[in-house]
Every structure is written in structure tokens, then in C-alpha cells.
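Chemist: Numbered according to the numbering used here, the sequence shown spans residues 707 to 1379. All residues carry an ideal CB built from backbone N, CA and C; glycine is no exception.
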Amino acid sequence: MAVSDKPKARQSQLVTTYGVGSLFPAADASFMICGIDEWDTKFAPTVEEPRLARSLGVHTFHAPPTGRRRGDVPAVRFPEWHYCSGCRRLAPFWKFGAKKGETRCEECARDLTPSRFVACCENGHIEDFPYFQWVHRGQEAQGGAEHRLTLWTSGSSSSLASIVVSCSCGVRPYNMEGAFGAGALQGIRKCSGSRPWLTDAPNEPDCDRPLRVFQRGASNVWFPVQRSSISIPPWSSAAAQFVTTHWSALKPMYENMGEAAAWPAIVAMIGGQDGITADAVVDVVRQRLGLDADEAPDDDTLRSQEYEALVAGHVGSRRDSFQCTAVGVHPSLGGLVAQVSQVNRLREVRVLSGFSRVTPVESEAGSARTAALAADKAGWLPAVEVMGEGIFVRLDEDVVAAWESSAFAAEREAAIRYAQDARDAAMKIATEPVNARFVALHSLAHMLVKELSLDAGYPQGSIRERVYALPGQAGILLYTASSDSAGSLGGLAALAATQDLAQVVRNAFERAAWCSNDPVCAETGSTGADALNLAACHACVLAPETTCEHRNQFLDRLSVVGTPEKPELGLGRAGIGTVVPMPSEWLRALAKADVTPAERQFAERLVAAGGPHLPVPEIGAEIDGTIVSMLWKDEKVLVDLERRLGADQERLVAHGWKVLPPEEGAVSAALTD
């Protein structure tokens, strides 16, 4: 099979949509992306994420090559069988007599069409549909003919029954009806172990899985097995980026010379680079050497490290790829939400570690096997890095723990687990049992994504989720991260610092409390793929595939909002208070004064506590030579958020001013007396 350079795809697609082993449609042709052992890594940029590389057992990652002819990702023409619309001949493309690289019928001078059908098995093998065996099944060839196959349609309908395969030898023609059945090829064709994406590798012998027939564009033909990780300190720092660039020199220098002797050389390598110190570089080198020596972290460990970093926050320098700052929680969210953080900058690395066919890989014990990306272990995997920003929301652990111990939570969890156990038994797999905490957090994430897409103008498909629901964790990260401009506008992170987020949360709860498909949606029971959802449909919480990392499974909005009759049963029973909108005169005063985030958040809390009719303060005003945060002259009330008054406070009190701390209850009471 000749390798072709014709397919054109974006870099990110070669990790997500059209990765190794997948079929790529290209202008009346079909190609399969070759294994990574045939990629030219000289043209493939290095992508470093040490934690994820250690977890996957590789040294590094490479982004697919772009923009250079010699660095094209190779592909082979597949399926081999093609059809000529002129003479209706059906045969491998190289039997039509066309010149090398062309797919034309020499007799008709017409372009060929790739076969619509392919055969796959759960071990990841794929081959052409066995047309010859299909038409000759149970029949002996007649008269020693050349067996010229033709494909034609009866025109009676658009079903498979109208597609007919015949042979010039005279056997009875067969239509394609029943070809998609589970046992359609039983007794006709056994899996040959074909791996056409590994062009130099032999077929795998003795495959014991039955072949299944699919249309070549069906999703069952290729399921990616992907892993991703958020870069966190210290791996997100400028020093870590420096270590990554110079690792091939730093590692032997440090190991052979020792830290003390290597120090001057490290200082010389750094030179005058802004934001990088020798101390920071040495610290990263130590941790990276320790990471190589430690046991490979599993996915739960990586997620726990991310969660801890998001909770702790990190400002860093402008060159850091992880910047996360906690902001105040709006009073209306205080009964449920413990922390809201702006993630102003994040870096995500997405890796293709393998793929499966027929069914997705649910676990290592599953019936679908992860197919290899290379004939031999390559030591690296294809990956892309994307930059973005987002919002991190952490719920109150006590509230979540109390809810998940309730009878209602146990009932919802049991219903999904029953469906999960049935799915696992049917597929002969063993997956981690789902729990009520995860279902509720996952459903809340989808509710917020839908609301953000309506209120903030973000397409749902551009917002991604990461749910942190291990024991002791109750967090949701919603972020935009892509290779185009939608992931770098900064609007999502900015939303965290305003009362708009509180309104988004409240709207999400109100919208999810009643679905347009209710009562059917709420009362049907198990729904969705493999019946792994409860109250979830496209009208309420189902999200685009690019948003959900769990394929829209394990969703139940009633776990969050309760039932229509008893909303107090949901996780949100802890209270999502009414969000009092900021009056226009307050907004004008805040905009005119160019307030700090702390001053704006206090103003929002004050309006929420005292109502929209509170008098508007003078912000950043001067009184007796001292600038104060807020003051109300008529009421002789002032608030010193920045604590600038010092010794002047006693003098102001003596002149009849009420100098109050930034406590919205006390200030509201003083203004309404």
C-alpha cells in the first residue's frame, strides 16, 4: 500500500478526530493515518508535560508536524476496494489499471469511489469488507471465470436490500441486507488481524474476536483513547519551561557533576532571562529527577494534584502558564459554594495514547482492546497543547457530604449503578462504580455550561469541564482551551469576579428545575447511552461531545435541583439565594470611580444585604485630607476597606462620623436607621 501525502488536517485533529488508525475522508477518497513510527519527529514540535508523560510511561510528547512537505503525517489509502460508477466494477483500486497515485477506472476514465463498508473487530483490527466471500457464500464458482464483481442498486429503496453484489462467474447475486448484524460474517470471514495503519507490521495471528461490519464513516470504526492534564506548579513556571528546553543538557550535568558543581553552569545558561532564577531551575530539576524515580502516577493522582493547585491558587509571573486567584463568593451562593477562583491562564496537554474499534475502551478489563499507535514502542505519543482560561468552583464539603448521605442521594446512585452493572456485565468489563457525589457535580457542571453559553455568549462546544469528585473533593473547572481565539479572550475568567456568576448559577438552577420535556424527562428513569443517565436530555443537561469528558453519561439534574414536588431533596437545598441586581446608579458610581475588585465585591454584598434602595456612596472620596473607600455624607457613614485612616479615625468619630468595618450587615443597618 503506497503512502500518500494528500490528506489535509489541522494539527489538533490528528490527536482528537483523525488520529492514528482513523479514516480521513478527502475529496472522493479515503485514507488511514499511519502509525507514529512513520512520523518524522524532526518536524514534530516537542510538547512537555512531565507528570502525564510519567503516568503514560513515555519520555515525551510530540505535536503532529505542520506546514512542511517532508514533515507530512503519512497516510495509506483505505479501504482498498473501490467502485466505478461507469462500469459498476468493484475491486481493489490497483486492479483498475490507473497510474500510480491515481484512483481512476482505465476503461471508463472515471474517478473511483471508496467502498462504503469496512469490517472491524474489538481487538482494533480493520480490513476491507469481504465482497468476494459475501457473494460466493454457500455457492461454488461457476465456469472458471475471472470473478469480476459488480455493485449495483435496484433503485427500489434506499435500504441495504437495494445494494446488490454480483459476480461474473454466475453465482446468485446477494444484496447487503443484514450485513450490519452482529453475526453477519460468521462462517464467511474470520478476522485476519489486519493493521493497515502499521504499514511494515505483519498481521496479528489468531485473532479470536468476530468481525463487525460498519460504514467507513461510522463512529464505531475509531474511538480515541485520550488522556489530558492541566499544567500546575512547578511544571507551569517559566523555570520549568527553561528546564524543558535544556533538559538534555541539564540532566547529565546535574547527575554527573552534582548540584554544587553544576550551579555556575546553570547560572551561565540562564543568562539574563527575565523571571528565571538558578534557585527555581534547580528546584524544578530536583522535582523532575524525583518524578522519574517515583512510581508512575495514575489518573486519580494527577487529578488530585490539579485539585490541590486550584484550591491553593497561584499568581506567579506573567510567563507562568497557570495563574489562579480566589475571589469572593457572592452572598447568594454562600450556602453551597465555598470558593470561586479566576483561572486567568491555564495550559492543557491532550494526548492520544491509543484507540479502539467497535466499542470504546471503558477499562483495561474491557472487551475492546486498546490498539497500538506504533509497531514497536516509540517512547513518545502524539499530543497538542492548548492555552485557555476559566472558572473554578468548589462546593462546601460539609454540605456535599451531608447530601450524599441522604436517602434521596442513595436512591439516585443505586438507580445509575444498576444500569452500570448491567452494562458492565453485557460488555464483560469492570468499571469503577459511580457515586452520587460525582453524578451531582457532573450534572451541575453541565447546567453551568449551558447557562454560560446563553448568558456569556460562549458556544457550548468551546467550554470544557473537569470534575473533581474523589473523596474529600467537590470542585468543577469550566474552561475554554483551544488552538483558536475562542480559548484566549479572557471573558470566562473575568465573569468569576462579578455578581454575574451568581446570577448564572441561579439561572442554571431555575432552568434545570423544569425541563421542557418534563414530566417525561424527570420520570422516565434510566435514559441515554447504556441507560447511564436519569433525568437528563438534550433540553436540559446533555452537552456537546467536546464539552463532556464522560461522553454525556452519569447525569441527573434532579440530584442537584430535587424533584418538582420536593426541591429540598437536591444538593442545591443548601440555598442559592436571590441575586439582587446592581441598580444603575450604583453601576455608574462604580464605573466612574474605577474601583478595585475588593470594593466592587463589597458593593455587591452590601446591595444584596440591604436591597437596591440603599443610598449610593461617594467612592474614593477625600475627607479632611484622607481618601476613604466609601462614604455617605448625609448619613455621616464611611467604610475604610483599605484601612487608610489610622490615627485619623478617632478624630472623625469625634466629629460625628460612623467609621464602620467592611461588614455589609452593619453598614446596611447604619444606612437604614
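Three or more C-beta pairs closer than 8 Å, one from the region 891-900 and one from the region 920-930: is that the case here?
Modeler: No, the region 891-900 is not in contact with the region 920-930.
Chemist: Go through the region 835-901 residue by residue and report every complete run of the beta strand (DSSP E) that reaches 3 residues or more, in order.
Modeler: Counting whole runs of 3 or more residues, the region 835-901 contains the beta strand (DSSP E) stretches 855-859 and 869-873.
Chemist: Thinking just about the alpha-carbon of each residue, which of 823, 882, 914 and 794 is nearest to the one in residue 843?
Modeler: For the purposes of this step, residue 843 is taken as the residue at position 137 of the sequence shown. Looking at the Cα atoms, 882 is the closest of the given residues.
Chemist: Where DSSP assigns a beta bridge to residue 752, which residues make up the other side?
Modeler: Locating residue 752 in the sequence shown gives position 46, where the first residue counts as 1. According to DSSP, which records beta bridges pairwise, residue 752 is partnered with 768.
Chemist: Kindly indicate which three-state DSSP category residue 793 falls into: helix, strand or coil?
Modeler: For the purposes of this step, residue 793 is identified with residue 87 of the sequence shown, where counting begins at 1. Residue 793: coil per DSSP, three-state reduction.
Chemist: Quick check on residue 1173: does DSSP put it in helix, strand or coil?
Modeler: In the sequence shown, counting from the first residue as 1, residue 1173 sits at position 467. Three-state DSSP puts residue 1173 in a strand.
Chemist: Quick check on the DSSP output: the beta strand (DSSP E) that includes residue 819 runs from which residue to which?
Modeler: For the purposes of this step, residue 819 is identified with residue 113 of the sequence shown, where counting begins at 1. Where residue 819 is concerned, the enclosing beta strand (DSSP E) stretches over 818-820.
Chemist: Apart from the five residues just before and just after residue 1273, which ones in its own chain have a Cβ nearer than 8 Å to its Cβ?
Modeler: Residue mapping note: residue 1273 aligns to position 567 of the sequence shown, counting from 1. The residues are 1219, 1267 and 1279.
Chemist: Rounded to the nearest angstrom, what separates residue 1246 and residue 1016 at their Cα positions?
Modeler: By one-based count along the sequence shown, residue 1246 stands at place 540. By one-based count along the sequence shown, residue 1016 stands at place 310. When rounded, the distance between both Cα atoms is 28 Å.
Chemist: Using the beta-carbon count (16 or more within 10 Å), is residue 878 buried or exposed?
Modeler: Translated into the one-based positions of the sequence shown, residue 878 becomes position 172. Answer is exposed; the Cβ neighbour count stays below 16.
Chemist: Note down, in chain order, each residue of its chain lying with its Cβ closer than 7 Å to the Cβ of residue 1253, except the 5 sequence neighbours on either side.
Modeler: Within the sequence shown, the letter at position 547 stands for residue 1253. Once the five neighbours on either side are set aside, the close Cβ partners of residue 1253 are 1155, 1166, 1167, 1169, 1170 and 1171.
Chemist: For the region 1081-1090 against the region 717-725, are there 3 or more C-beta pairs whose distance is under 8 Å?
Modeler: The region 1081-1090 vs the region 717-725: in contact.
Chemist: According to DSSP, simplified to helix, strand and coil, what is residue 1013?
Modeler: Counted from its first residue, the sequence shown places residue 1013 at position 307. Three-state DSSP puts residue 1013 in a helix.
Chemist: Within 10 angstroms of its Cβ, does residue 1288 collect 16 or more other Cβ (buried), or is it exposed?
Modeler: The count along the sequence shown starts at 1 and reaches residue 1288 at position 582. Per the 10 Å Cβ criterion, buried.
Chemist: For residue 923 and residue 729, I'd like the C-alpha separation in whole angstroms.
Modeler: On the sequence shown, position 217 is the one that residue 923 refers to. On the sequence shown, position 23 is the one that residue 729 refers to. C-alpha separation (whole angstroms): 7 Å.
Chemist: Could you give the uninterrupted runs of the beta strand (DSSP E) lying entirely in the region 1174-1252, keeping only those of 3 residues or more?
Modeler: Qualifying beta strand (DSSP E) stretches, in chain order: 1181-1188.
Chemist: What separation, rounded to the nearest whole angstrom, lies between the Cα atoms of residue 1192 and residue 1186?
Modeler: The count along the sequence shown starts at 1 and reaches residue 1192 at position 486. The count along the sequence shown starts at 1 and reaches residue 1186 at position 480. With a pLDDT of only 47 at residue 1192, under the threshold of 50, the placement of this residue in the model should not be trusted; the figure read from the coordinates follows. C-alpha separation (whole angstroms): 7 Å.
Chemist: Consult DSSP for residue 779 and reduce its assignment to one of helix, strand or coil.
Modeler: In the sequence shown, the residue the question calls residue 779 occupies position 73. Here residue 779 sits in coil by DSSP.
Chemist: Three-state secondary structure (DSSP) at residue 732?
Modeler: Counted from its first residue, the sequence shown places residue 732 at position 26. If DSSP states are grouped into helix, strand and coil, residue 732 belongs with coil.
Chemist: Mind checking residue 1371: buried by the 16 CB within 10 Å criterion, or exposed?
Modeler: If you number the sequence shown from 1, residue 1371 lands on position 665. Label assigned to residue 1371: exposed.
Chemist: Could you say which of 1322, 1339 and 1320 lies nearest to residue 1329 if we only look at CA atoms?
Modeler: Taking the first residue of the sequence shown as 1, we reach residue 1329 at position 623. The shortest C-alpha separation from residue 1329 is found at 1339.
Chemist: Look at the Cβ atom of residue 796, then the Cβ atom of residue 809, and state whether they are nearer than 7 Å.
Modeler: Working through the sequence shown from its first residue, we reach residue 796 at position 90. Working through the sequence shown from its first residue, we reach residue 809 at position 103. The answer is no: Cβ separation not under 7 Å.
Chemist: Please classify residue 1051 as buried or exposed, where buried requires at least 16 neighbouring CB atoms within 10 angstroms.
Modeler: Mapped onto the sequence shown, residue 1051 falls at position 345. Buried, because 16 or more other Cβ atoms sit within 10 Å of the Cβ of residue 1051.
Chemist: Please report the residue range of the alpha helix (DSSP H) in which residue 1341 lies.
Modeler: Position 635 of the sequence shown, counted from the start, is the residue given in the question as residue 1341. Taken as a continuous stretch (DSSP letters only), residue 1341 belongs to no alpha helix (DSSP H), as it is neither H nor E.
Chemist: Please check the pair residue 871 and residue 824, which I expect to be a contact at CB under 8 Å, by giving their CB distance rounded to whole angstroms.
Modeler: Residue numbering aside, residue 871 sits at position 165 when the sequence shown is read from its first letter. Residue numbering aside, residue 824 sits at position 118 when the sequence shown is read from its first letter. Contact flag wrong, Cβ pair sits at about 15 Å.
Chemist: If distances are taken between C-alpha atoms only, which option among 1234, 1217, 1214 and 1241 comes closest to residue 1226?
Modeler: Taking the sequence shown and counting its residues from 1, one reaches residue 1226 at position 520. Among 1234, 1217, 1214 and 1241, the Cα nearest to that of residue 1226 is on 1241.
Chemist: Express the C-alpha separation of residue 752 and residue 1385 in angstroms, rounding to a whole number.
Modeler: Nothing can be reported for residue 1385: it is not among the residues displayed for the chain, which extend from 707 to 1379.
Chemist: So for residue 1070, helix, strand or coil by DSSP?
Modeler: Translated into positions along the sequence shown, residue 1070 becomes position 364. Here the model assigns residue 1070 a pLDDT of 44, short of 50, so the residue's position is not dependable and the matter cannot be decided.
Chemist: Starting from the C-beta of residue 1066, find all residues in its chain whose C-beta is less than 6 Å away, skip the five residues before and the five after it, and write them out in chain order.
Modeler: By 1-based counting over the sequence shown, the position of residue 1066 is 360. If we look at residue 1066 and ignore the five residues flanking it on each side, its Cβ neighbours are 929.
Chemist: Pair every Cβ in the region 1000-1010 with every Cβ in the region 1171-1185, then say whether three or more of these pairs are closer than 8 Å.
Modeler: Judged by Cβ distances under 8 Å, the region 1000-1010 makes contact with the region 1171-1185, as three or more pairs qualify.
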